[in-house]
Amino acid sequence: MELADGTEATAGAAAIGPCAAIPAEHMDFIRQTLDRVGDKWSLLIIAVLESGPLRYTDLQRQVPGISQRMLSLTLRQLGQDGLITRTAYAEVPPRVEYALAPLGRGLHEIVTSLIGWAADHHDEIRANRERAATTGS
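Whatever position you read off the sequence shown (first residue = 1), add 361 for this note's numbering.
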């Protein structure tokens, strides 16, 4: 398909809008990345780690509601993506700390803005959900 400017559109690529600048072959990976950094536990862990390195139990205390399994899984995934670092110290007992990597620090402002927005609009969103539930829409 040819676009109005005479360029050829790639199959599956967006013709207009913010996704148009992203090559179609990158979209699947970008969606995976957005899923990873946009999940609730990743957002909260990135926000909490801005204050500096934390041990596993400190992270668990500062992220209310997260299970040990989800904390371990999320830390592993964030580490695989290079958003956090894991440092194990050769001490008795062993000590492990997690910290934001430079790539993760770049997300911090975005994450705290998103968390702040959710907190600021909590009551309004809750009211809209309740209204939708009672009207069936």
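Where is the CB? At the ideal position from N, CA and C, for every residue including glycine.
Taking the alpha-carbon positions, what's the residue i to residue j distance?
i, j, result
"VAL409", "PHE390", "26 Å"
"ALA376", "ARG487", "36 Å"
"LEU444", "THR496", "42 Å"
"GLU470", "ARG490", "28 Å"
"ALA449", "GLN421", "18 Å"
"THR368", "PRO379", "Any reading at THR368 must be qualified, since the residue scores a pLDDT of 47, below 50, and its modelled position is unreliable; no value is offered."
"GLN429", "ILE383", "36 Å"
"LEU432", "ALA493", "33 Å"
"GLU544", "PRO463", "Given that the chain is displayed from residue 362 to residue 498, the structure contains no residue 544 and the question cannot be resolved."
"ILE407", "GLY440", "11 Å"
"VAL405", "ALA385", "The amino acid occupying residue 405 in the given sequence is Leu; Val does not appear at that position. Cα-Cα distance, rounded: 30 Å."
Under a three-way DSSP split, which group does residue i fall into?
i, result
"GLU452", "coil"
"GLU411", "coil"
"GLY378", "coil"
"ASP500", "The question about residue 500 has no answer, for the chain in this structure spans 362 to 498."
"ILE406", "helix"
"ILE391", "helix"
Return the bridge partner residues of residue i from the DSSP annotation.
i, result
"ARG416", "GLU458"
Any beta carbon from chain B within less than 9 Å of residue i's own beta carbon?
i, result
"GLU470", "The question asks about chain B, but that chain is absent: this structure has only one protein chain."
Original post:
What are the complete alpha helix (DSSP H) segments, minimum 4 residues, inside the segment 420-448?
Top reply: 429-441
**OP:** Scan the segment 451-496 and note each continuous alpha helix (DSSP H) run of 4 residues or more that stays entirely inside, going in chain order.
**Re:** 463-481 and 483-496
Original post:
Hey, is the segment 412-419 in contact with the segment 471-479, meaning 3+ C-beta pairs nearer than 8 Å?
Top reply: no
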